[in-house]
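Here numbering that gives the first Met the number 0 is used: the first residue of the sequence shown is 0, the next is one more, and so on. Below is one structure, written out as structure tokens, with a few remarks after it.
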Amino acid sequence: MLGNTLILSEAWAMSLNNKGFSLFLQMVMSILLISAIIIGFFSYFVYINSRTIFIKNYAQELSKAYISISHSPRFNRSDFGGQGMRMMGPAVTDQLYIKIDDKIIQNPDNLEDYSFFSGTKLINVDNNMYLLYGFSDNNSKVLLGSRVAEYELFLQGFRSSIILASILGILISLVVSIVLSKRITEPLKKVSSSLRNIVVSDLSSRISIKTKTKEIKELINAINKALVRIENGYKRQEQFSSDIAHEIMTPLTSILGFSRMITRWASENRAMTEEAASNIEETSKKLIELAEKLLLLSQPDSNVEQYSVNLKQVALNNIKEVQSFYDFDIEVNIPEELRVKTSRELLGMSLKILLENAAKHAKADTVKIEWNSKNKELHVIDNGLGITASEKERIFERFYKVDSSRSKEGFGLGLSIFKKIVDKLDLVVRIENAREKGTNFVIRGWNISE
Numbered sequence: 000m001l002g003n004t005l006i007l008s009e010a011w012a013m014s015l016n017n018k019g020f021s022l023f024l025q026m027v028m029s030i031l032l033i034s035a036i037i038i039g040f041f042s043y044f045v046y047i048n049s050r051t052i053f054i055k056n057y058a059q060e061l062s063k064a065y066i067s068i069s070h071s072p073r074f075n076r077s078d079f080g081g082q083g084m085r086m087m088g089p090a091v092t093d094q095l096y097i098k099i100d101d102k103i104i105q106n107p108d109n110l111e112d113y114s115f116f117s118g119t120k121l122i123n124v125d126n127n128m129y130l131l132y133g134f135s136d137n138n139s140k141v142l143l144g145s146r147v148a149e150y151e152l153f154l155q156g157f158r159s160s161i162i163l164a165s166i167l168g169i170l171i172s173l174v175v176s177i178v179l180s181k182r183i184t185e186p187l188k189k190v191s192s193s194l195r196n197i198v199v200s201d202l203s204s205r206i207s208i209k210t211k212t213k214e215i216k217e218l219i220n221a222i223n224k225a226l227v228r229i230e231n232g233y234k235r236q237e238q239f240s241s242d243i244a245h246e247i248m249t250p251l252t253s254i255l256g257f258s259r260m261i262t263r264w265a266s267e268n269r270a271m272t273e274e275a276a277s278n279i280e281e282t283s284k285k286l287i288e289l290a291e292k293l294l295l296l297s298q299p300d301s302n303v304e305q306y307s308v309n310l311k312q313v314a315l316n317n318i319k320e321v322q323s324f325y326d327f328d329i330e331v332n333i334p335e336e337l338r339v340k341t342s343r344e345l346l347g348m349s350l351k352i353l354l355e356n357a358a359k360h361a362k363a364d365t366v367k368i369e370w371n372s373k374n375k376e377l378h379v380i381d382n383g384l385g386i387t388a389s390e391k392e393r394i395f396e397r398f399y400k401v402d403s404s405r406s407k408e409g410f411g412l413g414l415s416i417f418k419k420i421v422d423k424l425d426l427v428v429r430i431e432n433a434r435e436k437g438t439n440f441v442i443r444g445w446n447i448s449e
């Protein structure tokens, strides 16, 4: 019964929700429905229990009256209906329907000839309630019957009590549901109103609503955390748009200037024309490089195919390429037999980014690539200018440059790409200061293959 009640109330709530009713109305209607079902269930239980007790007690009274006279020494079964009947008292003899075995001894209300049965049964004759009670007495089958006006009074009183209790219960439930629903929905309305007042131009607003409801507090905290992430993301997006516009504008301006130079001096100064054309080519290559890096950064995260590779061999292969462009020393201290499960291409690209960063921006003349066997970490250490604590927090941001005066090369995307690659390879990187000077990139989380 209670399980069906919960299912019914849940179905009712879903129906209200599908029709677009407010949460307040849904809660009030749901609580009223549950209250009505509980009151109905309780009333039915009380009715059945009271009815059973009433019938049992009334049947016992009939049985006692019959047995008290039928077991009397002066009782003569053959004289039943005469002196013996009067000994039972006028209240009983005038109203009692008596059938012994197959013979109706008395039938004051002209009831039909009922077949014998054991136990009690309520019957309705012309809107009058009668109780029949069958039992065995001295090998005789006795069926007693009597009109139960008290039962009718009981039903009337019970009906009135139930109606009054139901009305009172529903009124109490209505008051409780309204108070409870307002307590829950008011903070939600305030949250909704606060969210509507937040505009893109000002994402610094936060929701501050006092409530004692734990779930609503958690909701407000979750929304505020989401607003912080949205605000930070929007600021990064604005900065990104500004930076990329600046980075693109500079080479485009150069191309335009060199193009005008060619147009003006093409026929008069061949050397100047060739120099301008060469500069246009170099600037175009940088724009292509920028586009490629932006495409790599914009790619969604996806699973990378990883396989066993020799870590030292990957490092040595990429060292040769970098040293062909930059003049600095690179030391590699990695065990010959060390193999890790990773992507050779992405790992090589990440190491090359760190080496180029050390040469171009950190102004390092020596870089060490070392393996820490105890902690299973790869250290890439340069002796360059180093990075401050505040710069470490932003070093992986797109277009961020530690100090624009250090180098005019690059777009500030290298370390952003490095961080994205590390994440794709399920590795973790942290930045430490080198022992003497410079920077130490520590990469851990390696999957060592046997």
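We put the CB at the ideal spot given by N, CA and C, even for glycine.
- In the structure shown, the three-state DSSP call for residue 134 is strand.
- Here residue 448 carries a coil assignment [DSSP, helix/strand/coil].
- Secondary structure note for residue 198: it is in no alpha helix (DSSP H), with a DSSP letter that is neither H nor E.
- For residue 345, the enclosing alpha helix (DSSP H) covers residues 343–359.
- If you ignore the 5 residues before and after residue 315, its C-beta comes within less than 8 Å of the C-beta of 331, all in its own chain and listed in chain order.
- Taking all protein chains shown into account, residue 116 has fewer than 16 neighbouring C-beta atoms within 10 Å of its C-beta and is therefore exposed.
- At least 8 Å separates the beta-carbon of residue 230 from that of residue 194.
- Counting C-beta pairs with one atom in each stretch, the segment 139–152 and the segment 160–173 have fewer than three that are closer than 8 Å, which means they do not touch.
- When 190, 145, 130 are compared, the shortest CA-CA separation from residue 105 is found for 145.
- Assigned with DSSP and collapsed to three states, residue 127 falls in strand.
- For residue 56, the three-state secondary structure derived from DSSP is helix.
- Residue 319: not part of any beta strand (DSSP E); member of the alpha helix (DSSP H) spanning 310–322, first to last residue.
- Here the alpha carbon of residue 263 sits roughly 40 Å from the alpha carbon of residue 352.
- If you compare the alpha carbons of 247, 234, 183, 248 with that of residue 216, the shortest gap goes to 183.
- Contact annotation, residue 150 with residue 128: C-beta distance approximately 5 Å; criterion of less than 8 Å satisfied.
- In the DSSP assignment, residue 381 is bridged to 366, 438.
- The three-state secondary structure of residue 425, taken from DSSP, is coil.
- Looking at the DSSP output, residue 332 sits in a beta bridge with 369.
- Pairing residue 311 with residue 281 gives a Cβ-Cβ distance that is not under 8 Å.
- Contact annotation, residue 421 with residue 431: C-beta distance approximately 15 Å; criterion of less than 8 Å not satisfied.
- Counting only runs of 3+ residues, the beta strand (DSSP E) found wholly inside the segment 135–174 occupies 139–146, in chain order.
- Going by C-alpha positions, residue 378 is about 44 Å away from residue 256.
- In this structure, the straight-line span from the alpha carbon of residue 172 to that of residue 122 is close to 38 Å.
- In this structure, 251 is the residue among 119, 251, 268 with its C-alpha nearest to the C-alpha of residue 279.
- For residue 102, the pairing in a beta bridge is given by DSSP as 99.
- The C-alpha of residue 438 is placed about 11 Å away from the C-alpha of residue 388.
- Around residue 427, the same chain offers 443, 444 as residues with beta carbons nearer than 6 Å, after the five sequence neighbours per side are excluded.
- Straight through space, the alpha carbons of residue 345 and residue 307 are spaced by roughly 13 Å.
- Distance from residue 261 to residue 270 at the Cβ level is roughly 12 Å; contact not present, criterion being Cβ atoms closer than 8 Å.
- Just measuring C-alpha positions, the residue of 98, 166, 212 sitting nearest residue 136 is 98.
- Residue 325 has its alpha-carbon roughly 31 Å from the corresponding atom of residue 374.
- When DSSP states are grouped into helix, strand and coil, residue 231 belongs to the helix group.
- Taking 8 Å as the cut-off, the Cβ atoms of residue 339 and residue 448 count as close.
- The shortest C-alpha to C-alpha distance from residue 94 to any of 100, 102, 358, 107 is the one to 107.
- Cα atoms of residue 31 and residue 37: separation of roughly 10 Å, rounded to the nearest angstrom.
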